[in-house]
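Student: Pasting a structure here, questions to come.
Protein chains in written order, with our numbering: chain U, 187 to 300; chain B, 76 to 184.
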């Protein structure tokens, strides 16, 4: 089975530009998570969905960040406008349920904002 | 207090050594516990789940102490390939997966 698929794998963009990260969870998983990882702050949960519904977005840094999950097989994380401090690795992950089962990560989207 | 805390590390140990990592969590209602491994510039991957009775997988042993809200991971006969960051993960009931900051391990030849 395919794992969690993220795109793009790497992106370099200029400050002020819009960035859209994409994720396809593992088929059959009903929970999807967006994490951000930096050296300074470690792995931070931004938002998670259960059955396509956002459950907790308290980790989203500010209004520049938005996430959608229009269906069970696709999610996007959008940053508009992007800033240099948004440079990080953004991981998408999925799980069969919110708690109890393991979580599987995609390979990450490496974002650099210059 | 952070929800999940780990030994800051890094741990630098020689090949063949035994090394132990500790993790504490603050939410007493937490239901599930895991250890993940993250290699440099890679995504975190499940190493092992942690069961109440403790469990072993080859050279790796995980222990859970609910009364003390404490989880441990023991690695015996460490290999060069064990070098990575080890993340403690806790799943409070009805909530998301909370990751600790990780402990970096370097196994030296």
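Note that CB positions come from ideal geometry on N, CA and C, so glycine has one too.
These numbers come from a predicted model, not from an experiment.
Between the Cα of residue 225 of chain U and those of U:240, U:276, U:219, spot the shortest distance and give me the residue it belongs to.
Tutor: Mapped onto the first chain, residue 225 of chain U falls at position 39. Checked all of U:240, U:276, U:219; the closest Cα to residue 225 of chain U is U:276.
Student: Pick from U:264, U:236, U:198: whose alpha carbon is nearest that of residue 216 of chain U?
Tutor: As a working note, residue 216 of chain U is residue 30 in the first chain. If we check each option's Cα against that of residue 216 of chain U, U:236 comes out closest.
Student: With 16 other CB atoms within 10 Å as the buried threshold, where does residue 93 of chain B fall?
Tutor: To locate residue 93 of chain B, count along the second chain from 1; it is residue 18. Answer is exposed; the Cβ neighbour count stays below 16.
Student: Check whether the region 77 to 90 of chain B touches the region 100 to 118 of chain B, counting contact only when three or more Cβ pairs, one atom from each stretch, lie closer than 8 Å.
Tutor: Yes, the region 77 to 90 of chain B touches the region 100 to 118 of chain B.
Student: Under a Cβ-count criterion, where at least 16 other Cβ atoms within 10 Å of its own Cβ denotes burial, should residue 145 of chain B be classed as buried or exposed?
Tutor: Reading the second chain from its first residue, position 70 is the one you call residue 145 of chain B. So residue 145 of chain B ends up on the exposed side.
Student: I believe residue 252 of chain U touches residue 278 of chain U by the beta-carbon criterion, under 8 Å. Please report the beta-carbon distance rounded to the nearest angstrom.
Tutor: Within the first chain, numbered from 1, the residue matching residue 252 of chain U stands at position 66. Within the first chain, numbered from 1, the residue matching residue 278 of chain U stands at position 92. That pair is no contact at about 15 Å.
Student: Measure the alpha-carbon distance for residue 268 of chain U versus residue 232 of chain U and round it to whole angstroms.
Tutor: Numbered from its first residue, the first chain carries residue 268 of chain U at position 82. Numbered from its first residue, the first chain carries residue 232 of chain U at position 46. Computed Cα separation, rounded: 16 Å.
Student: According to DSSP, is residue 250 of chain U helix, strand or coil?
Tutor: Position 64 of the first chain, counted from the start, is the residue given in the question as residue 250 of chain U. If DSSP states are grouped into helix, strand and coil, residue 250 of chain U belongs with coil.
Student: Can you tell me whether residue 115 of chain B is buried or exposed? The criterion is at least 16 other CB atoms within 10 Å of its CB, across all chains shown.
Tutor: Residue mapping note: residue 115 of chain B aligns to position 40 of the second chain, counting from 1. By the neighbour-count rule (16 or more Cβ atoms within 10 Å), residue 115 of chain B is not buried but exposed.
Student: My output table needs one value for residue 89 of chain B: the three-state DSSP class, helix, strand or coil.
Tutor: Translated into the one-based positions of the second chain, residue 89 of chain B becomes position 14. In the structure shown, residue 89 of chain B sits in a strand (DSSP, three-state: E or B).
Student: Which bits of chain U does residue 119 of chain B rub up against, with CB to CB less than 8 Å?
Tutor: Translated into the one-based positions of the second chain, residue 119 of chain B becomes position 44. What residue 119 of chain B touches in chain U: 229, 277, 291.
Student: Among the candidates B:85, B:174, B:84, B:150, whose CA atom is the shortest distance from the CA of residue 130 of chain B?
Tutor: For this step, residue 130 of chain B is matched to residue 55 along the second chain. That would be B:150, whose Cα lies nearest to the Cα of residue 130 of chain B.
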